[in-house]
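Here's the structure, in structure tokens; my notes come after.
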Amino acid sequence: MRKLFPLKAGAKSTIEFVELSPSKQPNATKTLTLAKETFSLGDCKYNVLAVTETFKSGGGETLDAFTALYSPDLQAALARRYDEGTSAESANGYETIKPLAD
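FYI, in the numbering used here the residues of the sequence shown are 95 to 196.
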């Protein structure tokens, strides 16, 4: 964790791991890439932690990937970004942010 934090603006950190299970062998890897950035939602701008999660098969084929945009100030994910870096890139932001039950 000391290698990841504190994360400086513009820097990226990557972690690769496998999920362990007591009943079966791991057959896929996950990669998390963390970066700080600014994200606009409506008229507001937020400093977010972009958490890119990539799932790969045992053979290295990418099965799924998305980026969650997490706002530490709001303690909530504001959006998910898909197909990053392609012409099909899209960000699905949440229209309303409500607090959890009191």
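Where is the CB? At the ideal position from N, CA and C, for every residue including glycine.
For clarity, every value in this text was computed on a predicted model and none was experimentally measured.
What residue does the beta strand (DSSP E) around residue i start on, and which one ends it?
i	result
Val145	138–151
Ala171	170–176
Tyr164	156–165
Lys124	122–135
Thr108	106–111
Ala185	184–187
Could you name the residues of the same chain whose beta carbon sits closer than 8 angstroms to that of residue i, not counting the 5 residues immediately before and after it, in chain order?
i	result
Asp167	Tyr140, Asn141
Leu135	Leu172, Ala173, Gly187, Tyr188
Which same chain residues, not among the five before or five after residue i, have their C-beta less than 7 angstroms away from its C-beta?
i	result
Tyr164	Val142, Leu143, Val145, Ala171
Going by C-alpha to C-alpha distance, which of the options sits closest to residue i?
i	options	result
Thr180	Pro116, Phe160, Gly187, Ser117	Phe160
Val112	Asp177, Glu147, Ser184, Glu178	Glu147
- Message: With a threshold of 8 angstroms, are at least 3 pairs of Cβ atoms found where one atom belongs to the region 107–122 and the other to the region 141–152?
- Response: yes
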